[in-house]
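In the numbering used here, the protein residues as written are 2 to 324. These notes concern the structure reproduced below.
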């Protein structure tokens, strides 16, 4: 049996960190208001010289370094983003060029905050069917570029960043079937478009547009959908909540994280939380939080880890992996 095994992870943040207090000097808000409703205390904002591709490349290099792998050994790059450098070509190809990879499969996946779950599921499928032996899976965003900075209900929620995993196709012997990515489950419900979207695009308005969100409705769907997809993924993997060492959720809102853990009966201490430091980095949030927890020693080799996210579309998904 072939399993996709995580060999290394990496992450990157812009140079500029913006605290709630600093944001309150420009937006009609306060540190207390933001923390009480979201748990966010700061976020990182890309400057003019930082783009989705530069952040993605930095994260990819760190993942390669952590795995002790060379860039030219990569067969596949799947990059999840809702904020590409350009309409085309795929930002993944810019990362390929920046890494000095002469030839590989490289493309983007657009599923907003669920993007990394979609990307890792696609990469896992391609590796297991022989498309390649090594893949870089990246989530990278510069969401600050599509925010309406006069809308305090949304602009305080998001930040920029990138996270990456290097995964290898490995032959797994009988009795070791729980190694690597064990199960993934993805969903979409396009009828909920108006709950979370950007009001622009090449084919509709010929503009980039700004993010629009109906936060209360998104919160309600998030708690229900994330709990359901985590249970579905556990069932597919033949696991119970007691088997899980860590949950790495999409870092959207601390209250969503708490409510989802409670609905599943999970120990909150097993949930990796970085939303206070990074805010919502959309497709980057899951791999960014994963890398933080690996590097600070929480996630150890052999741990059972659940990844989960929900985003615009609406889309949502989860993955179970043995790190």
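Even glycine gets a Cβ: it sits at the ideal position worked out from N, Cα and C.
Residue i, buried or exposed, once every other Cβ within 10 Å from all chains shown has been counted against 16
{"i": "residue 203", "result": "exposed"}
{"i": "residue 251", "result": "buried"}
{"i": "residue 66", "result": "exposed"}
{"i": "residue 1", "result": "In the structure as shown, the chain begins at 2 and stops at 324. Residue 1 is therefore absent and cannot be evaluated."}
{"i": "residue 194", "result": "exposed"}
{"i": "residue 103", "result": "exposed"}
{"i": "residue 4", "result": "buried"}
{"i": "residue 20", "result": "exposed"}
{"i": "residue 33", "result": "exposed"}
{"i": "residue 241", "result": "exposed"}
{"i": "residue 51", "result": "buried"}
{"i": "residue 16", "result": "exposed"}
{"i": "residue 236", "result": "exposed"}
{"i": "residue 159", "result": "buried"}
{"i": "residue 88", "result": "exposed"}
Extent of the continuous beta strand (DSSP E) to which residue i belongs
{"i": "residue 45", "result": "43-46"}
{"i": "residue 188", "result": "181-189"}
{"i": "residue 10", "result": "3-13"}
{"i": "residue 219", "result": "Looking at the DSSP string, residue 219 is not in any beta strand (DSSP E); the run it does join, the alpha helix (DSSP H), is 216-238."}
{"i": "residue 125", "result": "Premise fails: residue 125 lies in the alpha helix (DSSP H), 116-129, not in any beta strand (DSSP E)."}
First and last residue of the uninterrupted alpha helix (DSSP H) at residue i
{"i": "residue 150", "result": "Here residue 150 belongs to no alpha helix (DSSP H), and DSSP marks it neither H nor E."}
{"i": "residue 332", "result": "No answer is possible for residue 332: it lies beyond the span of the chain, which begins at 2 and ends at 324."}
{"i": "residue 92", "result": "92-100"}
{"i": "residue 208", "result": "Unbroken run through residue 208: none, as it is neither H nor E."}
{"i": "residue 263", "result": "255-265"}
beta-carbon residue i near the ligand PLP non-hydrogen atom, thresh 7 Å
{"i": "residue 310", "result": "The model on display carries no ligand, and the ligand PLP is accordingly not part of it."}
Bridge-paired residues (DSSP) for residue i
{"i": "residue 250", "result": "309"}
{"i": "residue 76", "result": "The partner list for residue 76 (beta bridge, DSSP) is empty, contrary to what the question assumes."}
{"i": "residue 20", "result": "43"}
{"i": "residue 139", "result": "80, 165"}
{"i": "residue 195", "result": "The partner list for residue 195 (beta bridge, DSSP) is empty, contrary to what the question assumes."}
{"i": "residue 316", "result": "189, 312"}
{"i": "residue 323", "result": "181, 305"}
{"i": "residue 106", "result": "77"}
{"i": "residue 87", "result": "DSSP output for residue 87 lists no bridge partner at all."}
{"i": "residue 172", "result": "3"}
{"i": "residue 38", "result": "Residue 38 pairs with nothing; no bridge assigned."}
{"i": "residue 272", "result": "248"}
Interface flag, residue i vs chain D, CB-CB below 8 Å
{"i": "residue 188", "result": "Absent here is chain D; the protein component of the structure consists of one chain."}
Are there three or more Cβ pairs, one per stretch, closer than 8 Å when the region 154-172 is compared with the region 307-317? no
Which ranges would you report for the alpha helix (DSSP H) in the region 276-303 if only whole runs of at least 4 residues count? 276-279, 286-296
Below 8 Å, can you find three or more Cβ-Cβ pairs linking the region 217-227 to the region 253-261? Short answer: they touch.
Determine, using beta-carbon pairs with one atom in the region 295-306 and one in the region 203-219, whether at least three such pairs fall under 8 Å. no
When you compare the region 70-86 with the region 124-144, are there three or more beta-carbon pairs, one atom per stretch, that lie closer than 8 Å? The region 70-86 is in contact with the region 124-144.
Is it true that the region 261-272 meets the region 149-166, where meeting means three or more beta-carbon pairs spaced less than 8 Å apart? no
Answer yes if the region 90-101 comes into contact with the region 57-74, meaning at least three C-beta pairs across the two stretches below 8 Å, and no otherwise. yes
Cβ pair count under 8 Å reaching 3, the region 87-98 against the region 112-126: no
contact_flag[the region 211-223, the region 277-288] where n(CB pairs < 8 Å) is 3 or more: Output reads no: the region 277-288 does not touch the region 211-223.
With three or more beta-carbon pairs closer than 8 Å as the criterion, would you say the region 102-119 touches the region 36-49? Because the criterion of three Cβ pairs below 8 Å is not met, the region 102-119 and the region 36-49 do not touch.
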